[in-house]
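Structure record follows, encoded as structure tokens.
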Amino acid sequence: MKSILENSRKSDITFWRDGHIDICARVSKALDLKAGDVIDIAIDEGFSHEYYLYARRNGGGRNGRHEATCRAVNGERSRYMRVNSKRLTHFVLHTTGEAEQARVICGEVTEIPMGKAVVIIMKGKKVKG
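Everything in the sequence shown is counted per this note's numbering, starting at 487 for the first residue and increasing by one.
Take a look at the structure:
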């Protein structure tokens, strides 16, 4: 016998080849992301070699245009965020070995030197170190 839903866990973040990134409300709320915030990915190059998504800059009071700026998708009070960053997307697609899109799940909220972050669990065809 074979199960139809082998894995029922939905992805938390989707990275698309064209550079847009969709962040679910759960992750956005955990990081307290708001429209105008800038996200980034940090790499722990130690033994664990983990990846972390964190808010690099808060939207209030920043000047100029920034890559990876969050936009609320369903109105300004929405927690579902969309971000555009070819560099972040290319990194994740390359790391997971995917060509068109990478759907990743996130772990618990943790503190890193840059502040509050969530662990990104990247699984795919191949994982490069």
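C-beta: ideal position from N, C-alpha, C; glycine also.
Since this is a predicted model, take the numbers as computed values, not measurements.
For a cut-off of 8 Å, the C-beta gap from L579 to R503 is around 6 Å, short enough to register as a contact. The DSSP-derived three-state label of L574 is helix. Per DSSP, K515 lies in no beta strand (DSSP E) segment; the continuous alpha helix (DSSP H) that holds it begins and ends at A511 to A516.
Bridge partners of I525 according to DSSP: A541. Here E586 has R503 as same chain residues with Cβ atoms under 7 Å from its own Cβ, once five neighbours each way along the sequence are excluded.
Taking C-alpha positions only, R543 is separated from K609 by approximately 27 Å. Between T575 and L491, the alpha-carbon positions lie close to 27 Å from each other.
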